[in-house]
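*Asks:*
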Amino acid sequence: MPDIKFYPDNLTITVADGTLLIEAIRQAGLYIDAPCGGQGKCGKCQVTLLNRESPVTVLACHFTVTEDLTVALSPRTEAQILTDSSVPIAHLKEAQIKLLSAVIPCPAIGDCDSLCGRVSSVLEQLTGEPVRIPLTTATTLYQQLEKLPRLPVSDEYPSGAWKGFFVLQADTLLAIREQPGNAYVLAYDLGTTTIVSYLLDAVSGKTVHISSTLNPQTVYGADVISRCEYAVSDPESRLTSSIQSAIAALAEEHIRALGIDSSDIFFAVLAGNTCMEHLLLGVSPDSLLHAPYLATIDQLICVPAASLTLPCQIGAQAAVLPCIAGFVGGDTIAVLLSLPQQTFDSLTLVLDIGTNGELILGKGDQLYTCSTAAGPAFEGARISCGMRGAPGAIDHVSVEDGKLKLHVIGDGIPTGICGSGLLDLVACLLDLGIISKRGRLEKPAKWPDELKETYGVRFVTRNNVSALLLTDDENGIYLSQKDIREVQLAKAAIASGIELLCQEMKFSDTDISQVLLAGAFGTYLSPKSACRIGLIPEPLLERIRAIGNAAGEGAKLAACSRTVLEQSQHLAKQTHFVELATSRQFQETYLKKLNF
Numbered sequence: 125m126p127d128i129k130f131y132p133d134n135l136t137i138t139v140a141d142g143t144l145l146i147e148a149i150r151q152a153g154l155y156i157d158a159p160c161g162g163q164g165k166c167g168k169c170q171v172t173l174l175n176r177e178s179p180v181t182v183l184a185c186h187f188t189v190t191e192d193l194t195v196a197l198s199p200r201t202e203a204q205i206l207t208d209s210s211v212p213i214a215h216l217k218e219a220q221i222k223l224l225s226a227v228i229p230c231p232a233i234g235d236c237d238s239l240c241g242r243v244s245s246v247l248e249q250l251t252g253e254p255v256r257i258p259l260t261t262a263t264t265l266y267q268q269l270e271k272l273p274r275l276p277v278s279d280e281y282p283s284g285a286w287k288g289f290f291v292l293q294a295d296t297l298l299a300i301r302e303q304p305g306n307a308y309v310l311a312y313d314l315g316t317t318t319i320v321s322y323l324l325d326a327v328s329g330k331t332v333h334i335s336s337t338l339n340p341q342t343v344y345g346a347d348v349i350s351r352c353e354y355a356v357s358d359p360e361s362r363l364t365s366s367i368q369s370a371i372a373a374l375a376e377e378h379i380r381a382l383g384i385d386s387s388d389i390f391f392a393v394l395a396g397n398t399c400m401e402h403l404l405l406g407v408s409p410d411s412l413l414h415a416p417y418l419a420t421i422d423q424l425i426c427v428p429a430a431s432l433t434l435p436c437q438i439g440a441q442a443a444v445l446p447c448i449a450g451f452v453g454g455d456t457i458a459v460l461l462s463l464p465q466q467t468f469d470s471l472t473l474v475l476d477i478g479t480n481g482e483l484i485l486g487k488g489d490q491l492y493t494c495s496t497a498a499g500p501a502f503e504g505a506r507i508s509c510g511m512r513g514a515p516g517a518i519d520h521v522s523v524e525d526g527k528l529k530l531h532v533i534g535d536g537i538p539t540g541i542c543g544s545g546l547l548d549l550v551a552c553l554l555d556l557g558i559i560s561k562r563g564r565l566e567k568p569a570k571w572p573d574e575l576k577e578t579y580g581v582r583f584v585t586r587n588n589v590s591a592l593l594l595t596d597d598e599n600g601i602y603l604s605q606k607d608i609r610e611v612q613l614a615k616a617a618i619a620s621g622i623e624l625l626c627q628e629m630k631f632s633d634t635d636i637s638q639v640l641l642a643g644a645f646g647t648y649l650s651p652k653s654a655c656r657i658g659l660i661p662e663p664l665l666e667r668i669r670a671i672g673n674a675a676g677e678g679a680k681l682a683a684c685s686r687t688v689l690e691q692s693q694h695l696a697k698q699t700h701f702v703e704l705a706t707s708r709q710f711q712e713t714y715l716k717k718l719n720f
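All the letters of the sequence shown, read from the start, carry residue numbers 125 to 720 under our numbering.
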C-alpha cells in the first residue's frame, strides 16, 4: 500500500494501490479545487509530483496511485465570504428563547405532585401555554432545583420555595439557573460554495459573532448535481460528515472567540438549498437526480442539535427550514423571511444567483418561484482562469478612455478572474466589438491599438480554441471561447426564468417595480453589466438593488423568533413553484436568450 506525503501540510497517509489521487486527497481531509467533481472536465485539480527527476504536473482526478508519492498541493486561497445584509431587522415577536424568573414551591410530606408537574404548572402560569419538560431536563431536575437559592418557610410557601431562572425554547424547558446568564442561538446559511454561521443573543436578537468558511463539499464538485451523484454512490456518507463537521467547527469558533460555554447555546436554525439540506440531514438526494426531481423531505424539520454534532445545551433542537420544491430550498424561504412585509406591495423580482439560480416574483400574497441551473460560471468555476472572489482575482473590468482597465482584489498581480469580473469583462468586450451578439470571440475590423499596448491584450489559441490574453505574461489570465459560452448558458437560464415567471403572472418585465439581488454574486456584480449582457432586462437597470446575504438574515430571524419560524412553513405552502426543467416553452425561451 503506497504512502503519499502532501506538502505544504506535511501530512502522510497510506492508501490502497490503484486509488485515484483526488480520492487520496479527500481521504486526507485536504482541499483541492475540483469544480467538475473529478470528471476531468475543468482541469483545475492540478497537483505537482515531487519525487521525480523533475517535478511533474498531473490532474489528480486522472492519476492513479501505484507507488509512494510526494505531492505538492496548490495553496488554498481564502474567498471573500459575504456575511452582511442590508435587510432591516424586523421586530422580534414571540422570542424563541425565554429567560423566566420563577419561584417553585417546595413539596411537603404528603404532596403527590411530581417535580415536573410543579415546575411546569408555575411556568404555564407565567407563559400562558403548556410547558413540556423533556427527559434530558427531567433526568437531573431535582439536582438543578436544589442548587437554587431557597426562600424561607412562610404563609405563602409553607415548605419554602426554590427561586431561579428557567430557560425555555418555545414550550420546552431546557435549563435552570441561579442567575440569568447568557443565552445564545445559532443561525446558518449553508451555501453551495460557502457557509456562514451567526451567533446571536437570544433575548435581543443582536449578532454577537460571525464565522464563515468555504464549504468543504466543494472537493466533490462545484455544483449540487455533482455532489448528489457522488453522495448516492458513497456508502461512507462523506458529504454528510463533512458538512456536519464544518458547522460544528464554526460553532466552536464562536465559543472560543467569546469564551462562552456550549451549554449557553439553546437553539439553531439552518437554511440551504434542497440538496444541501438533504446532505446535512443524511437523507439520500437520489430523488433530486431523477424526473420529476422531487425533494424527499420538504417540511420544517426539527432534530436534536447533537445529532448534527453541534455543541449546544443538552436537549437543544436544530431546525432546518422547509423547501418549496426539488431545487428551491430553505435558503429561498430564508430570503423571503428576511424581507419587510411591504416588499411585495408592488411587483417585485428577487434573484439569488449562484451555482443554482433561485428566482421569486411576487405581488401581494401571490408569490411564484422557479430554479434555473445557471451553473457555477458566476462563481468562477468551469472558467479557464476562473477563481472565487479572493485576493488576486480580477473582480471588476471597465473601459476608460477607450482602454480596458482591470481591478484586482488586493491590488496585486492577477491570478484569475471571479464571477463579477467575468460579467464585466464580457460586457466590455461586447461594447468594444470583440465579442459578437452571438457570443463569438472575434477581432474587430478596427482593432484598438491602445488596448493592446496598455494591457497586452491579444488573440491566442488555448486548448485549440480562440482566447483573449488579458495580461502581458504569455501564461497569464485569458478568456476563451468556451468561457464565453459558459456565460451565455448561465445568463440565458436566469433570463429565461425571469421571462417565464412574468408570463406565469401575466405581467411584462417592464411592470417589475424593483429587482432585489441576494447573495454574494448579486452584491458584487455591476447592474449595468448584468443588463448589458441580457442577464436582467435592460429597462430594469435603475430598479436594481443589492440586499446582501438575505438568506443569512432570514435564518437569524427564524432562530430568534417563534413567529418567524412558524411563518416559514406558511411561506413554503403559499409560494407557487413553476417547473422549468420539463417545459418546452423554457427550451424555446432559453435558446432565444443565448444571444447577448
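Note that the Cβ used here is the ideal one computed from N, Cα and C, for glycine as well.
Taking all protein chains shown into account, do 16 or more other C-beta atoms lie within 10 angstroms of the C-beta of residue 131, making it buried, or fewer, making it exposed?
*Replies:* Residue 131 should be labelled exposed.
*Asks:* Keeping to the same chain, check which residues put their C-beta closer than 7 Å to that of residue 218; ignore five residues upstream and five downstream.
*Replies:* So the qualifying residues of the chain are 685, 686, 687.
*Asks:* Just the Cα atoms here: how many angstroms apart are residue 191 and residue 180?
*Replies:* Taking the straight line from one Cα to the other gives about 15 Å.
*Asks:* So what does residue 494 bridge to, in DSSP terms?
*Replies:* Beta-bridge pairing links residue 494 to 483.
*Asks:* With C-beta atoms as the reference, is residue 264 less than 8 Å away from residue 297?
*Replies:* Result no, Cβ atoms of residue 264 and residue 297 do not sit closer than 8 Å.
*Asks:* Measuring CA to CA, which of 397, 425, 273, 224 is closest to residue 250?
*Replies:* Closest by alpha carbon: 224.
*Asks:* Measure how close the beta-carbons of residue 513 and residue 602 come, nearest whole angstrom, since I'm counting them as under 8 Å.
*Replies:* Incorrect: roughly 19 Å between the Cβ atoms, too far for contact.
*Asks:* Any idea what DSSP makes of residue 214, helix, strand or coil?
*Replies:* For residue 214, the pLDDT reaches just 42, beneath the cut-off of 50, and the residue's location in the model is therefore unreliable, although a value from the coordinates is still provided. In this structure, residue 214 counts as coil in the three-state DSSP scheme.
*Asks:* Considering only residues of the stretch 164–200, which uninterrupted beta strand (DSSP E) runs meet the minimum length of 3 residues and lie entirely inside it, listed in chain order?
*Replies:* Runs found: 170–173, 180–183, 193–196.
*Asks:* Taking the continuous alpha helix (DSSP H) assigned at residue 402, which residues delimit it?
*Replies:* Unbroken alpha helix (DSSP H) run through residue 402: 398–405.
*Asks:* Rounded C-beta distance between residue 689 and residue 393? I'm assuming under 8 Å.
*Replies:* 7 Å between Cβ atoms; contact.
*Asks:* Alpha carbon to alpha carbon, what distance is there between residue 365 and residue 627?
*Replies:* Distance between the alpha carbons of residue 627 and residue 365 is about 42 Å.
*Asks:* Are residue 371 and residue 312 closer than 8 Å when you measure CB to CB?
*Replies:* In contact: residue 371 and residue 312 (Cβ atoms closer than 8 Å).
*Asks:* Given a threshold of 16 other Cβ atoms within 10 Å of its Cβ, counted over all protein chains shown, does residue 623 qualify as buried or as exposed?
*Replies:* With 16 or more Cβ atoms within 10 Å of its Cβ, residue 623 is classed as buried.
*Asks:* If you run the structure through DSSP and keep just helix, strand and coil, what is residue 551?
*Replies:* Reduced to three states, the DSSP call for residue 551 is helix.
*Asks:* State buried or exposed for residue 330, treating a residue as buried only when at least 16 other CB atoms are found within 10 Å of its CB.
*Replies:* The residue is exposed, with fewer than 16 neighbouring Cβ atoms inside 10 Å.
*Asks:* Three or more beta-carbon pairs under 8 Å between the stretch 664–672 and the stretch 497–509, yes or no?
*Replies:* No, they do not touch.
*Asks:* Skipping 5 residues on each side, what residues in its chain have a beta carbon closer than 7 Å to that of residue 545?
*Replies:* If we look at residue 545 and ignore the five residues flanking it on each side, its Cβ neighbours are 517, 518, 519, 520, 521.
*Asks:* Can you give the beta carbon distance from residue 600 to residue 592, rounded, assuming they're within the 8 Å contact cut?
*Replies:* No, residue 600 and residue 592 are not in contact; Cβ-Cβ is about 11 Å, not under 8 Å.
*Asks:* Relative to the C-alpha of residue 177, which candidate in 405, 193, 185, 279 has its C-alpha closest?
*Replies:* With distances taken between Cα atoms, residue 177 lies closest to 193.
*Asks:* Let's test the definition: count the other Cβ atoms within 10 Å of the Cβ of residue 542 and tell me whether it reaches 16, buried, or not, exposed.
*Replies:* So residue 542 ends up on the buried side.
*Asks:* Does the stretch 406–421 touch the stretch 318–336, meaning 3 or more C-beta pairs lie closer than 8 Å?
*Replies:* The stretch 318–336 vs the stretch 406–421: no contact.
*Asks:* Starting from residue 293, trace the beta strand (DSSP E) in both directions and tell me its first and last residue.
*Replies:* 285–293 is the extent of the beta strand (DSSP E) around residue 293.
*Asks:* Would you call the CB atoms of residue 152 and residue 168 closer than 8 Å?
*Replies:* No, the pair does not count as a contact, with Cβ atoms beyond the cut-off.
*Asks:* How many Å lie between residue 301 and residue 430 at the Cα?
*Replies:* Each residue's Cα considered, the two are about 21 Å apart.
*Asks:* Do residue 398 and residue 699 have their CB atoms nearer than 8 Å?
*Replies:* Taking 8 Å as the Cβ cut-off, residue 398 and residue 699 do not qualify as a contacting pair.
*Asks:* Below 7 Å CB to CB, which residues in the same chain sit around residue 446 once its five sequence neighbours on both sides are set aside?
*Replies:* Within the same chain, residue 446 has close Cβ partners 422, 423, 424, 454, 457, 692, 693, 696.
*Asks:* Can you tell me where the beta strand (DSSP E) holding residue 425 begins and where it ends?
*Replies:* Where residue 425 is concerned, the enclosing beta strand (DSSP E) stretches over 425–428.
*Asks:* List, from N- to C-terminal side, the alpha helix (DSSP H) runs of 4 residues or more that fit wholly inside the stretch 662–704.
*Replies:* Taking only runs of at least 4 residues, the alpha helix (DSSP H) segments lying wholly in the stretch 662–704 are 674–684, 686–698.
*Asks:* Counting C-beta neighbours from all protein chains within 10 Å, is the total for residue 232 16 or more, i.e. buried, or is it exposed?
*Replies:* Residue 232 should be labelled exposed.
*Asks:* Assuming the contact rule is C-beta atoms closer than 8 Å, residue 616 and residue 714 should be a hit. Round their C-beta distance to whole Å, please.
*Replies:* Between residue 714 and residue 616 the Cβ distance is about 5 Å, and since that is below 8 Å, they are a contact.
*Asks:* Just how far apart, CA to CA, sit residue 195 and residue 187?
*Replies:* One C-alpha to the other measures close to 12 Å.
*Asks:* Please state the DSSP three-state secondary structure of residue 532.
*Replies:* Strand.
*Asks:* Is the Cβ-Cβ distance between residue 664 and residue 639 less than 8 Å?
*Replies:* Cβ atoms of residue 664 and residue 639: closer than 8 Å.
*Asks:* Quick one: what's got a C-beta closer than 7 Å to residue 625's C-beta in the same chain, skipping five residues either side?
*Replies:* Within the same chain, residue 625 has close Cβ partners 483, 485, 492, 494, 702.
*Asks:* Go through the stretch 347–405 residue by residue and report every complete run of the beta strand (DSSP E) that reaches 3 residues or more, in order.
*Replies:* You should have 389–396.
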